[in-house]
Structure formats: C-alpha cells, structure tokens
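One structure is given here, and the rest of the page talks about it.
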Amino acid sequence: MSNPLRDMEKPDVIFCIGTNMTECHPVAATRLKKAIRNGAKMIVADPRTIDLVGYADVHLPLRVGSDAALLLAMAHVIVREGLVNEGFMRERTTEAEAFLEHVKQWTPEWASTITGVDAALIEEAALLYGRAERGAIYYTLGITEHICGVDNVQSLCNLALLTGNIGREGTGINPMRGQNNIQGAGDVGAIPNNYPGFQPVTDPANQAKFQKAWGRDIDLEKGITKVRALERAGEQIRAMIIDGENTVVTDPDREHCEHALKSLDFLVVCDLFMTETAELAHVVFPATGFAETDGTQTNTERRVQRLRQAVPPPGEAKPDWWIISQIARRMGFQGFDYESAKDVFNELCSLSKTYAGLDWDRIEFGEYQWPVPHEGHPGTPRLHEDGFINGRGIFKLINYRDPAETVDDEYPVWLTTGRRLASYHSRTQTGRSSGIDYLLPEESLEVHPDDLAAWGFQDGDWVDMASRRGSVRIRVSSTTRSPRGTVFSSFSFNDVPVNILTGSGYDPVTDTAELKVCPVRIRPAPIGGDVAAD
Amino acid sequence: MSETTGRTIVLDGQEVSFERGETIFQVAERHRKEIPTLCYDERLDPFGGCRLCVVELEGARNPVASCTTKAEPGMRVTTRSGKLEMHRRVLLELVASENREVDVDELSGYASQEMATLVDRYDARTGRFAGRKSGTSRPDDPNPFIKRDYENCISCYRCVRVCAEQEGDYAISVMNRGFETQITTEFGGLLKDSSCTFCGQCVQTCPTGALADLKALRHVEIEEPVEKTRSVCTYCGVGCAVDIMTKGDQVVGIQPAMDGPANEGALCVKGQFAYDFVHHPDRLKTPFVRDDHGRLVPATWDEALDRAASGLLAAVNQHGRHSLYAVASGRAPNEAGFTLQKLVRAGLGTSYIDNCSRA
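Residue numbers (the working numbering), protein chains in the order written: chain A, 1 to 534; chain B, 1001 to 1359.
Right, dumping it as structure tokens:
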C-alpha cells in the first residue's frame, strides 16, 4: 500500500476495485466503513454484488476481466471534464501529453460495450473520483489475477497521477496484500528478480555487494517465475523445495501442476500438515506455525512486526529457517550457522536497503513501516510524499485486451473465483479449527436465480461445471450476489477443487495467472456415484 | 500557536492543559486519575450511560459525566471525593444486583473483568439490592463462538456500539427499556441469521462476560494461569496484532491487541476464532521420507535432512545448478523466505526462487 491503514479513514472518495474487502481483509474494511460513516463516498467496481456494495454510492458491475476498459473511460471523463491536476502532472509526471491524447478515443459509451456497465454510471464514478479532494484507490487480486494484471494496475496509477491522488493523507494506490507475509516474501528477496530489499539482481553493483556478503558469484540474469519452473519441471527443473505452500490446490490448472511436481526427480516440502502437495514429496519436514515461532512478518502497509512463540511446537517440528539452514549446511553451503530468528533477521536488515534502519530489537513494538533507510529514521508510513523513487510518475498508454478465454457456445458462462470470510485458502488451518464449519460447511456455486431457472436447476442441485481443462461437481446456490451469466466459487474446499478448471492464461510481464476469469459450461451432475443426490 | 496554549483546567487542585475536543475523562486519564467506568471504550463515541465516571464540576449543581463533558478553559474539576465515591459505590451495588453473577472467568473476553474489579474496588458486594435479574439469556443460540448470557448484562450498550461504530455491521440492537432492556439481534433471532460476522468485538468489549468467548471458555477447567503472548495473526495481510492466551502448553484463546498498530483492537472471525489448528492431531510431528515402497514414513531429523540434501545435490550435480528451484511461503515468517533465497543464491549462485504471490 502506498498509504498506511489508518489513512483508510481519511479519504473523501474511496474507489474499491477487484477487492472483496469485507471478506478478505475484514479489519481493513472496518476502516472504510468508518470513513463512510464520516461522510466519505465510495465507488465499488466488482462484477458481483459483494457486501461492500451495500456501503457504496456507485456500484459498477463490470464483466469479469474488463477493468482496463472501465479505467480508460474513467480517465477519458476526468480529462474531458477538466478534472485533471495540472500542477501535479507538470511537476511530478511524465508522458502526460501522450496519455491525455490517448484517452480521448476511449469514451464511456465504448467502455459500456465492453464492460456491460451503463455509460452514465461510468461518468458518475469518474466525476466522483475526479472531483475528490482525497481520492484513495484500493484493489486486490481482482485487479492482478488477469492476463492484463499489469495493465490494470498501471491504469489505476494513471488515474492517481491524473488527479494527483498520491503522496498525501487519505489518497494513494493501495493493493491489499492477501497473505499474512506475502509482502515479506518479496521484501526478503524470495523472488527471481530482486535481492532482499528489492535490489535488482541484474545490477552489477548489487551482484558485487552480495558476492562480498556471501562469497559467491550470483547470476546477473533473473531467475524464472514459479509458473515457468512448473512448466519446465522434469526437463530443466529436476528438484524443488516448497516451503509452506499447497501448490497443488491453490495454483491454477491442477492437473498440470500435479503432473509437474510428479515429474521432478526430487521434491522437498516443509509444512504444518501433510497437504496435497506434501503427499507428492520425497522428504517432508514438519514446520512450526502460528503461536510456535519467533520471527517477523511484514503486512500490507509495509509494517514489520514480531511474531512470538507462545507454546512449544508439536512433536519435533522446527522453524522453517532452521530446517532450510540445516539442508543448506548439509549441501555444503556456507553462511547458515544461525542460532535464532534474530540472527537471520539482523542479517536481512544488514543487506536490505528498505530494512537498513531496523534490527530485531527495534521492531519490538511494530511501529516501523519500510523504507527505513538508516538507523534513527522514523520509517515511511506514506510513500511518494516528496517525490517518486524513480523520479517522475510515468503515464502508461494502456489498451484493453480480452481475457485469455472468452465465453462462447461451448463454454458460455463466466466463472470467477475468490475467498469467503470464514475460510482461508485451502483450509489447511481454518478447516482444522472448530466451529468454522458452523459458518461455512461446504462450498457452493453462486448463481443468479434467473440463470438457475433458465438453465433448469433448483437451488441446491448438484451440477457438473467444466472448463477447457477439467470439471468439478458442485452444488448451486441461488443468489443475486452473482450477476446473470457469471458464477462464483471459492477454491477452499478440497472436495470442490475449482483450480482444476482455471489457468487459461498468464500476465506476460509477471506470469500471474488469470484466476479471476474462466469460461465454463454447467450441466446437470450425473446421478448416482459415491455422492448422495440429496 | 500550540493547540494547548491557554487551555487549562484545574484537575483535583492541579492546573493541567488539554487539547481542543478532549473530554474531562480523557484529560483525567492522561493524568492518571482512576475514574471508574463501565460503558466506556476509548475506541467508541462516549455514551454516558453508566454514570460511574461522574465528577464534580465547580458551578454545576450536580456531578457531570466526565466521558461526555468536553473540557473547557477554566473548569475546576474534582475526580474523587467522599460524595462521588459513595455515589459510585451505590451505583455498583445496583448494577451488580441485576446480574446472576459478578465473577466470570477471565477467558470470557478482554474486558470481562471490568465489573468484578470495580465491585471489589468499591467493596460493593453487599447484596443490599438483591432482587430480580434483568435480561433473558439465549442458550438456544447454537453458534460455537459467542455465549449470549444476558442475565449478566448491565445494558452498557458497548456491544451494540462496537458492532455499529467499530465494525459497521449493526448486528446487535436493543429492545425494550428500563428493567426490561434486552440486548438482541434484529427480530430476536440467532446471530447466524443476523448481519453478525463473528468478529468477536462484542465479546471483547463486554465488561461483564454476558457476551463471552465460548470457544476459550472450553478451557476453564485447565488449572494453570492464563498467560498472554503478543504476536500477529496468521491469516490475511492486514497484520492484526493479537495476544495469544495460553494455559501451560495449550493455546486457549485469542484476544485482539487493543494497541495493535495495524488493527487497534479489531479482529475478524478467522483471527479471533480459527486458531486451534495449532493443536490439531493432523499436525506433522516428525519428518517423513519416502521408503522403498514409495510410501512416506516417519524418519529422524538426521535421516531426513541427509536425504533432502543428497536428493537436491544429486539433481544439481547431474543437471546443473539451474535445475533446483525453490518456492517460498507467503505464510511463513521473513526468516523463512530469507534463508530459502539465500540457499539458492549463496549456495548455487542462481535466483531460481519465487513465492506464492503469482497464484
């Protein structure tokens, strides 16, 4: 997030797009609700009538995967109505002229044909955001999990640059990070392009720095993404270590993923449970988890906080850092003689530019948000206040692209996936916590009642839902949360492995999977078999 | 000019400054005055319902509620006097008399000891006003998280207000007045059928344990004392600070950290109630290695670490250093991701690593 969580109570206009915040980041959503109680207006762009819509002034029910068209048209209206922040554009951006010219052609009427949203509603939303004193954008995977995820994010940046809604209290471009430490995973360099602290591996100066720190030459070339690695499994890639990820269930195109992991010569998995992924491993290590591990994690607002051990782990389970260090030592690698999480974290701080001013003791109370470039620095709750790190904000000329697969006669329904409030990911944890089943006992496919009637189903019927990659059996539930022609399910329940269906394409820049769009066909489930037709 | 310039009140004979908009209670709290409250939660709009926080204000005929009275320049305030203490004691006697019990287990919720503590402090266990109990409990609500024991309710409305003001959910409401006052949901139904999200905020703010953490209360019988360890929730990226409550080696509940920098006392149903996977029998307790029959069987650490190291090295030796790939977790701590990326970089000189952020 460019801005701190506490800023969520400060905007006068909130623009939420592709974020089901009341279910996926409920505590952050409470702050938006407070802003609304204090008079803020809210635009919600989401194909579904999610709970956030109930608090919104404008709902833009766009067709899944059409975000870029909507955002182009909003920019068009803001430019046409003279709502641009000229001073900000002049002083802090570049490529503005080309962008102003570019958006002239993308009218709300045009966007309406792509998104299915009334042109008048697009106008209304654009005027609302364009006139905001403090406009803040919030998004989640509904923006990024598309073949045009980068385009979508850059389209949001364009809107903020156009209106100067960045670098001030209550504004910003704010991705809500999905997992407790997904921010940290990138921060610490567990990505193919950057060393810890987002220092590019392609920069020879960084190569020299880490050569000196670790005594070994490291490739100047980037590594490959997990998506590519799975594609090359069994060929170039022969062995993998997977730490704490149930790849088989949470990645797209399950069959491809399982096949990839099975074709490895050797797979090591560390986890809390014998997950579907661990079942495929040659060696499985028991890791410590929540309440058992000393360590640190970094939240969506870049806040580094301490995790503390409260109870002993079960049996012989060990912290991940210990397991990985032991493997490294036995592989003959140097520099893995850590005695505590503190040792590891302090080494990270010594090598990271963003954590440079931190150490284990300094984060005792969790008050620092990175970057903290040196000791004594107070941290940076709000990014870009005095300028952009790379100089000027660059307008990007985005064009709308169709999703990798679009609906047709054979697969005529849009499936979009996500999470639900009471369950988390593949339910390895929520599914093993008592009481959660009372709130959410099983998965169902949310379908608009008129679609159910048109397709000849009753609420609660079992159906067979198929994409080009496979099929799952699922019960339908009738709800106007889904628009006509679009159905929704989570990927949490192992008896409804929805990611068998997904995986139609990937963003060409980030390799992020298009998990939010998948054309499907829905037919009556064959009666009989091992599932009672109740 | 500073916000406080020229703004002072006299508090128990001492001149103190205040900021624009501060209430007498807030000023007094900053100066460590122990003014009792029951309906007060600093995150919520002041309510002025319990009347325990009354103070004497020079020039006012009757004591005023300090939580709802804004400080104004020149006010002379007395927070403690024989008269005030008597008033507070009688109020506490009355409040306690309405409840089936005053002492509830501390596992009930974060604020659950507030009433009992005050009753003791004011020596108000006199039973002078013994009589009818107010509030009708709902043992029929089968939800596994929130106990609805309204016979212990004092109508402070903290649950109603936290649900509305803090959560924006408006699941809890009040019906009737006076002695018949009843905390309820819309149409008097079950929580599950209301707009309740089971975030547990009502449980944590309740000062009497009328709304209580049913899941934590399963552990009342464990004799060991409750200890709290500050950590961070393991679910989404918001990073809510929590206090993990333990008895011995067992996690018995979670309470939100009221001073958590990201959450300021808030939690959701997962962070509040989905913690007992920690002790689930499915947890892996030993390493496993694949045996000659292709089955995963328990192994010692030595055996498993050697197998892992030699298996990974075999691939590297045969197919080169770019044949090993590492996937880090978005769920594990920073130290996990750091050591894993160091393994491929410092060990093999590659950047063949990623994490779960792309899917």
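A virtual CB, placed ideally from N, CA and C, is assigned to each residue, including glycine. Note that the structure is a prediction, hence the values are computed from the model and not measured.
Contact defined as beta carbons within less than 8 Å: I believe Ala-422/A pairs with Val-1269/B. What is the distance between those atoms, to the nearest angstrom?
In the first sequence, counting from the first residue as 1, residue 422/A sits at position 422. In the second sequence, counting from the first residue as 1, residue 1269/B sits at position 269. The Cβ separation is near 6 Å, so the contact holds.
Report yes or no: do the region 1085-1096 of chain B and the region 1038-1051 of chain B share at least 3 C-beta pairs separated by less than 8 Å?
yes
So, does the region 1195-1212 of chain B touch the region 1141-1155 of chain B, judging by three or more C-beta pairs under 8 Å?
yes
For Val-27/A, tell me which candidate among Thr-1339/B, Gly-1260/B, Leu-1340/B, Val-1226/B has the shortest Cα-Cα distance.
As a first step, residue 27/A must be located in the first sequence, where it is residue number 27. Ranking Thr-1339/B, Gly-1260/B, Leu-1340/B, Val-1226/B by Cα distance to Val-27/A puts Gly-1260/B first.
For the region 1272-1295 of chain B, which residues have a beta carbon sitting closer than 8 Å to at least one beta carbon of chain A?
Phe-1273, Ala-1274, Tyr-1275, Asp-1276, Phe-1277, Val-1278, His-1279, His-1280, Asp-1282, Arg-1283, Leu-1284, Lys-1285, Thr-1286, Pro-1287, Phe-1288, Val-1289, Arg-1290
At the 8 Å Cβ level, is Ile-143/A part of the contact set with chain B, yes or no?
By one-based count along the first sequence, residue 143/A stands at place 143. No - not a single Cβ of chain B is within 8 Å of the one on Ile-143/A.
Should Arg-1252/B and Met-1245/B be called a contact, given that it needs their Cβ atoms to be closer than 8 Å?
Working through the second sequence from its first residue, we reach residue 1252/B at position 252. Working through the second sequence from its first residue, we reach residue 1245/B at position 245. Contrary to the premise, residue 1252/B reads as Val rather than Arg in this sequence. A contact, by the Cβ cut-off of 8 Å.
Compute the Euclidean distance between the alpha carbons of Gly-18/A and Val-79/A, then round it to the nearest angstrom.
Reading the first sequence from its first residue, position 18 is the one you call residue 18/A. Reading the first sequence from its first residue, position 79 is the one you call residue 79/A. Cα to Cα, the separation comes out at about 24 Å.
For a minimum of 3 consecutive residues, which ranges assigned as the beta strand (DSSP E) are wholly contained in the region 272-351 of chain A?
283-286, 295-298, 304-307
With a threshold of 8 Å between beta carbons, is Arg-420/A in contact with chain B?
Taking the first sequence and counting its residues from 1, one reaches residue 420/A at position 420. Using beta-carbon distances, Arg-420/A does not count as an interface residue toward chain B, since no partner is under 8 Å.
I'd like to know whether the C-beta of Lys-1215/B is nearer than 8 Å to at least one C-beta of chain A.
Counting from 1 along the second sequence, the entry for residue 1215/B is found at position 215. Yes - at least one Cβ of chain A is within 8 Å of the one on Lys-1215/B.
At the 8 Å Cβ level, is Trp-214/A part of the contact set with chain B, yes or no?
Sequence index remark: in the first sequence, residue 214/A carries index 214 (1-based). At least one chain B Cβ lies under 8 Å of Trp-214/A.
Listing by chain order, which chain B residues have their CB less than 7 Å from the CB of Tyr-438/A?
Position 438 of the first sequence, counted from the first residue, corresponds to residue 438/A. The contacting residues are Asn-1143, Pro-1144.
Can you tell which of Glu-1029/B, Leu-1284/B, Asp-1123/B, Phe-1145/B has the C-alpha that lies nearest to the C-alpha of Leu-439/A?
Here the question's residue 439/A lines up with position 439 in the first sequence. Among Glu-1029/B, Leu-1284/B, Asp-1123/B, Phe-1145/B, the Cα nearest to that of Leu-439/A is on Phe-1145/B.
Near-chain A residues of the region 1152-1183 of chain B - C-beta to any C-beta below 8 Å
Glu-1165, Gln-1166, Glu-1167, Gly-1168
DSSP three-state call for Cys-518/A: helix, strand or coil?
In the first sequence, counting from the first residue as 1, residue 518/A sits at position 518. In the structure shown, Cys-518/A sits in a strand (DSSP, three-state: E or B).
Could you tell me whether any Cβ in chain A is nearer than 8 Å to the Cβ of Met-1001/B?
Within the second sequence, numbered from 1, the residue matching residue 1001/B stands at position 1. A caution first: Met-1001/B carries a pLDDT of 41, below 50, which makes its placement in the model unreliable, though a value can still be read off. No, Met-1001/B does not count as interfacial toward chain A.
Assuming Thr-406/A and Cys-1356/B form a contact by the criterion Cβ under 8 Å, report the distance between their Cβ atoms to the nearest whole angstrom.
On the first sequence, residue 406/A is found 406 positions in, with the first residue counted as 1. On the second sequence, residue 1356/B is found 356 positions in, with the first residue counted as 1. Actually they do not touch by this definition, with Cβ atoms about 27 Å apart.
In the region 1089-1174 of chain B, which residue ranges form an unbroken alpha helix (DSSP H) of at least 4 residues, counting only runs that do not cross its ends?
Listed in chain order, the alpha helix (DSSP H) elements of length 4 or more contained wholly in the region 1089-1174 of chain B are 1114-1121, 1158-1161.
If you draw a straight line from the alpha carbon of Ala-453/A to that of Val-509/A, how long is it in whole angstroms?
Here the question's residue 453/A lines up with position 453 in the first sequence. Here the question's residue 509/A lines up with position 509 in the first sequence. Going by the C-alpha atoms only, they are around 41 Å apart.
Can you give me the C-alpha to C-alpha distance between Thr-144/A and Val-487/A, rounded to a whole angstrom?
Here residue 144/A is taken as the residue at index 144 of the first sequence, counted from 1. Here residue 487/A is taken as the residue at index 487 of the first sequence, counted from 1. About 19 Å.
Here's the rule I'm using: 16 or more other beta-carbon atoms within 10 Å means buried, otherwise exposed. How should Gly-366/A be labelled?
Indexing the first sequence from 1 puts residue 366/A at position 366. Gly-366/A comes out buried.
Beta carbon proximity, Thr-1185/B to chain A, threshold 8 Å:
Here residue 1185/B corresponds to residue number 185 of the second sequence, with the count starting at 1. Thr-1185/B does not count as touching chain A.
Under three-state DSSP, which class holds Val-496/A?
Position 496 of the first sequence, counted from the start, is the residue given in the question as residue 496/A. Three-state result, Val-496/A: coil.
Reduced DSSP secondary structure (H/G/I, E/B, other) of Met-176/A
Residue numbering aside, residue 176/A sits at position 176 when the first sequence is read from its first letter. Coil, per DSSP.
Please state whether DSSP places Gln-458/A in a helix, a strand or coil.
As a first step, residue 458/A is located in the first sequence; it is residue number 458 there, counting from the start. The answer is coil: DSSP assigns Gln-458/A none of H, G, I, E or B.
Rounded to a whole number of angstroms, what is the C-alpha to C-alpha distance between Arg-1161/B and Leu-1044/B?
To locate residue 1161/B, count along the second sequence from 1; it is residue 161. To locate residue 1044/B, count along the second sequence from 1; it is residue 44. Each residue's Cα considered, the two are about 7 Å apart.
Specify the secondary structure class of Ser-1195/B as computed by DSSP and reduced to three states.
Reading the second sequence from its first residue, position 195 is the one you call residue 1195/B. Correct three-state label for Ser-1195/B: coil.
Need the endpoints of the alpha helix (DSSP H) that Tyr-129/A sits in, please.
In the first sequence, the residue the question calls residue 129/A occupies position 129. Its alpha helix (DSSP H) spans residues 119-130.
Run the CB neighbour count on Leu-261/A, radius 10 Å, all protein chains shown included, and call it buried at 16 or more, exposed below.
By one-based count along the first sequence, residue 261/A stands at place 261. Residue burial is scored here from C-beta neighbours: Leu-261/A has at least 16 other C-beta atoms within 10 angstroms and is therefore classed as buried.
Entirely within the region 1004-1053 of chain B and at least 4 residues each: give me those alpha helix (DSSP H) ranges in chain order.
1024-1030
Can you tell me whether Ile-389/A is buried or exposed, with buried defined as 16 or more other CB within 10 angstroms of its CB?
Taking the first residue of the first sequence as 1, we reach residue 389/A at position 389. The residue in question, Ile-389/A, is exposed, as its Cβ has fewer than 16 Cβ neighbours within 10 Å.
If we define contact as Cβ-Cβ less than 8 Å, is Gln-1204/B a contact residue for chain A?
Start at 1 with the first residue of the second sequence, and residue 1204/B comes out as number 204. Cβ-Cβ to chain A under 8 Å: no for Gln-1204/B.
Which residues of chain B have a Cβ atom closer than 9 Å to the Cβ of Pro-286/A, listed in chain order?
As a first step, residue 286/A must be located in the first sequence, where it is residue number 286. Using a Cβ-Cβ cut-off of 9 Å, Pro-286/A is close to Arg-1283, Leu-1284, Lys-1285, Thr-1286, Pro-1287, Phe-1288 of chain B, given in chain order.
Please tell me whether Ser-1194/B has its Cβ less than 8 Å away from any Cβ of chain A.
Start at 1 with the first residue of the second sequence, and residue 1194/B comes out as number 194. Not closer than 8 Å to any Cβ of chain A, the Cβ of Ser-1194/B fails to qualify, so no.
Smallest Cα separation from Gly-1059/B: which of Glu-1224/B, Lys-1147/B, Val-1077/B?
As a first step, residue 1059/B must be located in the second sequence, where it is residue number 59. If we check each option's Cα against that of Gly-1059/B, Val-1077/B comes out closest.
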